[in-house]
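K.L.:
Numbers given in the numbering used here equal positions in the sequence shown, counted from 1, plus 32.
Before anything else, here's the structure in question.
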Amino acid sequence: MTGDMTATDRLKAVLRDISEACKAIDRDPAGVTLIAVSKTFGSDAIRPVLQAGHRQFGENRVQESQSKWPELKQEFPDTVLHLLGPLQSNKAADAVALFDVIHSVDRPKIARALAKEMAAQNRSVKLFVQVNTGEEPQKAGVGPKQLGDFLSLCREELNLNIAGLMCIPPVDDEAALHFAFLHKLADDHGVKELSMGMSADFETAVQLGATHIRVGSAIFGARG
Ligand SMILES: *Cc1c(COP(=O)(O)O)cnc(C)c1O
């Protein structure tokens with residue numbers, strides 16, 4: 033019967049699941065931001081979720097986002113738009129202009145480009161550093177051992193405020209191990225927020241301290 037549910041119904045179900053996961057560990061659900069990941073879905077699929085009152089959305093690609101979000105943001109000006117996918121430095125200006133939060137800061141070249149663009153556009157974007165917790169060669173993210181040096185560069189040389197850490201666990205691993213590891217890295221390095229957990233594992237992430245969970249298919253349905 034889930035086929036008859038709308039994205040708005042599924043959003044409500046996810047919010048309820050978050051609320052229950054929080055209750056089980058005596059956590060305030062207000063501390064968890066649900067990012068509805070709308071990549072590959074068009075404005076017609078996204079608009080009902082905005083009309084239902086949700087305001088936090090995530091996308092993977094700058095160019096795809098430029099084709100739908102300027103108009104949607106005009107209709108719903110208090111929307112908070114999160115960039116979750118890898119960022120190229122030649123897209124930094126566009127990313128700073130359109131996004132409110134970037135979760136994928138993972139190398140000096142990008143950190144420098146973002147610092148420069150935020151100054152040029154006089155716009156402050158909230159930043160997360162992506163950590164490659166599984167040290168997978170094909171995956172984006174700073175290696176856990178390089179995190180300290182990278183954060184120092186961001187903070188001291190570039191004067192960037194890094195709000196949090198983000199990870200995408202390896203598909204074949206127990207996600208909980210990576211969430212706990214990311215939490216420890218954040219504590220060790222004085223970082224407060226944690227972007228972790230997707231459709232398959234957001235409740236686990238909430239129990240391990242996620243402040244931002246990124247849920248796509250559980251809200252919008254399977255991507256084509
Ligand atoms: C696509 C994506 C998500 C959402 O994935 P679902 O499994 O559909 O919830 C979350 N985070 C990132 C970085 C993604 O690319």
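Just so you know, even glycine gets a beta-carbon here, dropped at the ideal spot from N, CA and C.
If you're wondering where the values come from, they're calculated on a predicted model, not measured in any experiment.
(1) Give the single residue among 144, 113 and 45 whose Cα lies nearest to the Cα of residue 185.
(2) For residue 99 and residue 209, I'd like the C-alpha separation in whole angstroms.
(3) Residues in the same chain with beta-carbon distance under 7 Å from residue 214, minus the five sequence neighbours each way, listed in chain order, please.
(4) If we require 4 or more residues per run, which alpha helix (DSSP H) segments fall completely within the stretch 209-254?
(5) Closest by CA to residue 256, which one among 57, 181, 148 and 74?
(6) Contact defined as beta carbons within less than 8 Å: I believe residue 195 pairs with residue 224. What is the distance between those atoms, to the nearest angstrom?
(7) Buried or exposed: where does residue 246 fall if 16 or more other Cβ atoms within 10 Å of its Cβ makes it buried?
(8) Kindly indicate which three-state DSSP category residue 123 falls into: helix, strand or coil?
(9) Please tell me whether residue 115 and residue 94 are closer than 9 Å, where the distance is taken between their beta carbons.
(10) Find out if the Cβ-Cβ distance for the pair residue 134, residue 160 is shorter than 9 Å.
(11) Going along the chain, which residues of its own chain have a beta-carbon closer than 6 Å to the beta-carbon of residue 147, five neighbours each way excluded?
(12) What did DSSP end up calling residue 162 once you bin it into helix, strand or coil?
(13) Please report the residue range of the alpha helix (DSSP H) in which residue 83 lies.
(14) Taking 8 Å as the threshold, find out whether the stretch 231-248 comes into contact with the stretch 53-71 through three or more Cβ pairs.
(15) In chain order, what residues of the same chain lie with their CB nearer than 6 Å to the CB of residue 111, ignoring the 5 residues before and after it?
(16) Indicate, with yes or no, if ligand 1 has a heavy atom lying under 8 Å from the CB of residue 42.
(17) Of the residues 240, 57, 221 and 230, which one's Cα is nearest the Cα of residue 181?
(18) Just curious, the alpha helix (DSSP H) that residue 38 is in, first and last residue?
P.N.:
According to the data block:
(1) 144
(2) 37 Å
(3) Cβ neighbours of residue 214 beyond the five flanking positions: 163, 165, 197, 199, 226 and 228.
(4) 234-239 and 249-252
(5) 74
(6) Their Cβ separation, rounded to whole angstroms, is 7 Å, which keeps residue 195 and residue 224 in contact under 8 Å.
(7) So residue 246 ends up on the buried side.
(8) helix
(9) Yes, they are a contact pair.
(10) Contact annotation: residue 134 and residue 160 have beta-carbon atoms nearer than 9 Å.
(11) 190 and 192
(12) strand
(13) First-last of the alpha helix (DSSP H) with residue 83: 75-83.
(14) At 8 Å Cβ cutoff, the stretches touch.
(15) 87 and 105
(16) no
(17) 221
(18) Where residue 38 is concerned, there is no enclosing alpha helix (DSSP H), given that its DSSP letter is neither H nor E.
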